[in-house]
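Please read the structure below before turning to the comments.
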Amino acid sequence: MGIVLAVLLIGGVTAAVVAGRDSRGGNDDSGTAATTVRGVIGSEKAEFFADPDTVKALAARGLTVRAETSGSWAMDQLSLEGQDFAFPGSKAPADELRRKSGAEGGPLRPFYSPLVVVAHRNAAEVLAANGLVRLKANGDSKFATRGTLLMGPYLKAAEADRTWQQLEGASGQAELSGTVFITSTDPVSSNSGALYLAAASYVADGGRVAADLAAVDRTAGLMRKLVQVQGAQQTSSDAPFRDFISGVGNPLVLVYESQVASLLTHSRRQEIGDLAVLYPDTTVSSDHTLVPLTATGRRLGELLSTDPRLRELAVRHGFRPQGAAAEFTAATEAHTDYIDQGLTGVRQAPVPTAEVLRTMARRARG
Numbered sequence: 001m002g003i004v005l006a007v008l009l010i011g012g013v014t015a016a017v018v019a020g021r022d023s024r025g026g027n028d029d030s031g032t033a034a035t036t037v038r039g040v041i042g043s044e045k046a047e048f049f050a051d052p053d054t055v056k057a058l059a060a061r062g063l064t065v066r067a068e069t070s071g072s073w074a075m076d077q078l079s080l081e082g083q084d085f086a087f088p089g090s091k092a093p094a095d096e097l098r099r100k101s102g103a104e105g106g107p108l109r110p111f112y113s114p115l116v117v118v119a120h121r122n123a124a125e126v127l128a129a130n131g132l133v134r135l136k137a138n139g140d141s142k143f144a145t146r147g148t149l150l151m152g153p154y155l156k157a158a159e160a161d162r163t164w165q166q167l168e169g170a171s172g173q174a175e176l177s178g179t180v181f182i183t184s185t186d187p188v189s190s191n192s193g194a195l196y197l198a199a200a201s202y203v204a205d206g207g208r209v210a211a212d213l214a215a216v217d218r219t220a221g222l223m224r225k226l227v228q229v230q231g232a233q234q235t236s237s238d239a240p241f242r243d244f245i246s247g248v249g250n251p252l253v254l255v256y257e258s259q260v261a262s263l264l265t266h267s268r269r270q271e272i273g274d275l276a277v278l279y280p281d282t283t284v285s286s287d288h289t290l291v292p293l294t295a296t297g298r299r300l301g302e303l304l305s306t307d308p309r310l311r312e313l314a315v316r317h318g319f320r321p322q323g324a325a326a327e328f329t330a331a332t333e334a335h336t337d338y339i340d341q342g343l344t345g346v347r348q349a350p351v352p353t354a355e356v357l358r359t360m361a362r363r364a365r366g
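Each residue of the sequence shown is one higher than the one before, starting from 1 at the first, in UniProt numbering.
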């Protein structure tokens, strides 16, 4: 399933994810018929719903989940007819979906994940030597595996079109060449790419959240540079993250912390390679927001929020459950050399309204 999902997501097509048994065949050992719940999810949650343990936990509650993946900001372009829920990666696209669908009742936010930048260790060390990153010492290794990306200095470097060759310590490292930039997803269709612009514009505009077109205009040039230097962008954070782990692509990639935490949980240390995790000092947490379109969809959202087993499984896939830091802390205790459990010194940037952020994204992409 993981390989199939990777191929489909890299291709940018919608992948079907099935959690639970078919309603004709029963949902648990008792043979009781399950209720099928249909919906659209962000790709970053595909592995969670495809996990056999998630399948079993949902089946025990009488649910079969059949979901398709889509970029969070592209969901409002889909037909929601016949769907029970939509599950984008943050509140802003969820608000758009609620408005379009006329869904009754508030959305549910079972878990969240901050945005981070994964870097190859040599790239992180070069950035640290040039004042763009602050690395944290790792007592178990001479190499730092976690640090803080200083958004102010980084955006100044982006504004000046700085190249790796201009940075101290980069000479002789063939993989560090060309313009310094962070690979992100398409901000028009993907949640992580849009939230990247939200955080960057907030820092660039002196700590002000973009509230109107005048604010968008003030940072439009820089936002355009951040996006257009990348060339073609993916619609899902899954593909660039897999490229990074396999050793190809850009040495700096924006991903969800949940992707990193899940990798650490499911991989052997030697498979992780030269990974360094950089927490932007100003970032945005992705509040995965389920919009219930039917009573069955709401039931799923409530179970994801309250059922102990489902919360445990969400943590296993790297997500932080709402209102229970202890669960995430316990699950990542062995990985604190990479994971900042308390998000020390990380400031949360407010997110513009969906209308403003969509305008910003379109201007940035040109």
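Virtual Cβ for every residue (Gly too), placed ideally from N, Cα, C.
Source: prediction; values computed, not measured.
Beta-carbon proximity check, residue i vs residue j, cutoff 8 angstroms
| i | j | result |
| --- | --- | --- |
| Leu132 | Leu150 | yes |
| Thr185 | Gly193 | yes |
| Leu293 | Ala86 | yes |
| Thr289 | Arg66 | no |
| Ala199 | Val284 | yes |
| Val188 | Trp73 | yes |
| Ser267 | Gly89 | no |
| Asp281 | Val351 | no |
| Thr54 | Leu313 | yes |
| Asp205 | Arg224 | no |
| Val260 | Val277 | yes |
| Leu176 | Ala123 | yes |
| Ala160 | Val291 | no |
| Ala354 | Asp95 | yes |
Spatially closest choice to residue i from the options, by CA coordinates
| i | options | result |
| --- | --- | --- |
| Gly342 | Leu313, Val126, Tyr279, Glu96 | Tyr279 |
| Thr36 | Gln83, Ala325, Met360 | Gln83 |
| residue 372 | Pro352, Glu159, Ala137 | Here the chain covers residues 1 to 366 and nothing more, so residue 372 does not appear. |
| Gln230 | Gln165, Glu175, Ser201, Ala158 | Ala158 |
| residue 371 | Phe143, Glu175, Leu127 | Only positions 1 to 366 of the chain appear in the structure, and residue 371 is not among them; the question remains open. |
| Leu226 | Glu68, Phe319, Leu155, Asp243 | Leu155 |
| Asp51 | Gln348, Gly273, Ala232, Arg309 | Arg309 |
| Gly106 | Arg358, Gly62, Arg299 | Arg299 |
Near the ligand PLP: residue i beta-carbon under 7 angstroms from a heavy atom
| i | result |
| --- | --- |
| His288 | The ligand PLP is absent from the structure shown, which contains no ligand whatsoever. |
7 angstroms Cβ shell around residue i - same chain, five flanking residues per side excluded
| i | result |
| --- | --- |
| Thr296 | Thr35, Val37, Asp84 |
DSSP three-state assignment for residue i, whether helix, strand or coil
| i | result |
| --- | --- |
| Thr282 | strand |
| Gly323 | coil |
| Asp28 | Note that Asp28 scores 41 on pLDDT, short of 50, meaning its location in the model is unreliable; the coordinates nonetheless yield the value given after this. In the structure shown, Asp28 sits in coil (DSSP, three-state: anything other than H, G, I, E or B). |
| Gln348 | strand |
| Asp287 | strand |
| Val209 | coil |
| residue 431 | Because the chain here runs from 1 to 366, residue 431 falls outside it and cannot be looked at. |
| Ser141 | Any reading at Ser141 needs caution, since the residue's pLDDT is 49, under 50, leaving its predicted position unreliable; the model's value is listed next. In the structure shown, Ser141 sits in coil (DSSP, three-state: anything other than H, G, I, E or B). |
| Thr296 | helix |
| Glu312 | helix |
| Ile41 | strand |
| Phe87 | strand |
| Val7 | Here Val7 scores only 38 on pLDDT, less than 50, and its place in the model should not be relied on; the value that follows carries that caveat. Note: Val7 maps to helix in three-state DSSP. |
| Thr353 | coil |
Through-space distance from residue j to residue i, alpha-carbon basis
| i | j | result |
| --- | --- | --- |
| Arg316 | Thr265 | 7 angstroms |
| Asp307 | Gly247 | 38 angstroms |
| Ser258 | Tyr196 | 16 angstroms |
| Val255 | Phe241 | 7 angstroms |
| Leu263 | Ser236 | 17 angstroms |
| residue 389 | Glu125 | Residue 389 lies beyond the stretch modelled for the chain, which goes from 1 to 366, so this question has no answer here. |
| Val118 | Thr148 | 11 angstroms |
| Ile182 | Ile245 | 15 angstroms |
| Ser23 | Ala361 | Since pLDDT at Ser23 reaches only 38, below the 50 mark, its modelled position is unreliable, and no value is offered. |
| Asp238 | Gly42 | 10 angstroms |
| Leu222 | Glu81 | 39 angstroms |
| Ile339 | Ala330 | 12 angstroms |
Cut-off 6 angstroms between Cβ atoms - residues of its own chain near residue i, not counting five sequence neighbours on either side
| i | result |
| --- | --- |
| Arg311 | Pro321 |
| Glu327 | Val315, Pro321 |
Contacts around residue i, its chain only, beta-carbon distance under 8 angstroms, and the 5 residues preceding and following it disregarded
| i | result |
| --- | --- |
| Gln228 | Ala364, Arg365, Gly366 |
| residue 450 | Only positions 1 to 366 of the chain appear in this structure, which leaves residue 450 out of reach. |
| Ser70 | Thr14, Val40, Ile41, Gly42, Ser43, Leu78 |
| Tyr112 | Ser285, Ser286, Asp287, His288, Phe319, Arg320, Gln322 |
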